[in-house]
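See below for the structure under consideration.
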Amino acid sequence: MRVLVVDSDRSNGNTLSAQLKRHGYDVEICATGAEALEKHAKFDLVLIDLLLPDIDGLEVCRTVRANSDIPIIAFTDAGMKLDRILCLQAGCDDCMAKPYGFRELLARIDAVLRRSRPVTARSTRAAAIAHGSLCIDPETREVRLNGRLIGLTLKEFDLLHRLASEPHTVHSRASLMAAVWGFPGRHVPGGRASRTIDTHVSAVRSKLGSPDWIITVRGVGFRMGRV
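Quick note: the sequence shown uses full-length UniProt numbering, first residue 1, plus one each step.
Dropping the structure here:
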């Protein structure tokens, strides 16, 4: 699980990073909103302090949410009730007042991650899927190509697992939005949703080293390929 900690206070960021690493998280720290916007797509979770030196923290959250479904937990000063409301309106999944307890933060991270995974994706975890030289293990959520571990984000894994579970099926954008992102089954993806799918497909292809792993069926959707 890759976590991006965004905090202009290096001491606070280092402390939080060390605590998260002790609980098994892979953590990177950045100190500015510009860095957060540049790097967030590589992570599974963003923890952001709203007090940033360059870009308003709420604006960072809005921009991230407009381009990604990555879970976001924001931190604000105690007593700033309006900021907490604005955080949720800006697309954050949760907001915590400082100072906060680390155990509570861990509980909130677990809750946010549970909500970010559709029930359909959680309920069918079974045997690993072997697809040529590709192995997808839903129990450990690991993907290996020729034995080499491939680092995928939460949604990238869910997308690849969905396609590989039914490798001969052409999956429509609407069905992928329902299965991976939890949209209603009859939801017709708009422009932003379609870009989200395209971005994740492109990222998976890149990490697997070939565009042939996921085939685009023009006007319909995507299906699993083979390399």
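From the three backbone atoms N, C-alpha and C, an ideal C-beta is built for every residue, glycine too. Keep in mind it's a predicted model, so treat the numbers as computed, not measured.
When the Cα atoms are used, what is the spatial distance from residue i to residue j?
| i | j | result |
| --- | --- | --- |
| residue 4 | residue 213 | 28 Å |
| residue 120 | residue 206 | For residue 120, the predicted model reports a pLDDT of 46, less than 50, meaning its position is unreliable; a value from the coordinates is still stated below. Roughly 26 Å separates the two Cα atoms. |
| residue 60 | residue 36 | 8 Å |
| residue 77 | residue 196 | 32 Å |
| residue 226 | residue 130 | 11 Å |
| residue 9 | residue 31 | 7 Å |
| residue 183 | residue 177 | 6 Å |
| residue 65 | residue 148 | 32 Å |
| residue 199 | residue 69 | 11 Å |
| residue 53 | residue 33 | 8 Å |
| residue 2 | residue 56 | 24 Å |
| residue 16 | residue 51 | 16 Å |
| residue 6 | residue 128 | 35 Å |
| residue 83 | residue 58 | 9 Å |
| residue 14 | residue 99 | 16 Å |
| residue 21 | residue 28 | 10 Å |
| residue 116 | residue 67 | 16 Å |
| residue 62 | residue 160 | 27 Å |
| residue 40 | residue 166 | 30 Å |
Could you check which residue in the options has the C-alpha nearest to that of residue i?
| i | options | result |
| --- | --- | --- |
| residue 146 | 44, 209 and 43 | 209 |
| residue 179 | 167, 162 and 194 | 162 |
| residue 26 | 135, 136 and 151 | 151 |
| residue 114 | 39, 220 and 181 | 181 |
| residue 75 | 204, 88 and 215 | 88 |
| residue 172 | 211, 202, 136 and 219 | 219 |
Which residues in the same chain have their Cβ closer than 8 Å to the Cβ of residue i, if we skip the five residues on either side of it in sequence?
| i | result |
| --- | --- |
| residue 169 | 223 |
| residue 73 | 45, 46, 47, 48, 92, 93, 94, 95, 96, 105, 108, 109 and 112 |
Skipping 5 residues on each side, what residues in its chain have a beta carbon closer than 6 Å to that of residue i?
| i | result |
| --- | --- |
| residue 19 | 102 |
| residue 122 | Its pLDDT being 48, under 50, residue 122 is placed unreliably in this model, and the value from its coordinates should be taken loosely. Here the set comprises nothing. |
Leaving out the 5 sequence neighbours to the left and right, which residues in its chain are closer than 7 Å to residue i when beta-carbon positions are compared?
| i | result |
| --- | --- |
| residue 125 | Any reading at residue 125 must be qualified, since the residue scores a pLDDT of 49, below 50, and its modelled position is unreliable; no value is offered. |
(message) Three Cβ pairs or more, each shorter than 8 Å: is that satisfied between the region 143-159 and the region 41-54?
(response) yes
(request) Entirely within the region 9-72 and at least 4 residues each: give me those alpha helix (DSSP H) ranges in chain order. (result) 10-22, 33-39 and 57-67
(request) Write down every uninterrupted run of the beta strand (DSSP E) in the UniProt DNA-binding region "OmpR/PhoB-type" (126-226) whose length is 3 residues or greater and which is fully enclosed by it, in chain order. (result) 129-131, 134-137, 142-145, 148-150, 214-217 and 221-224
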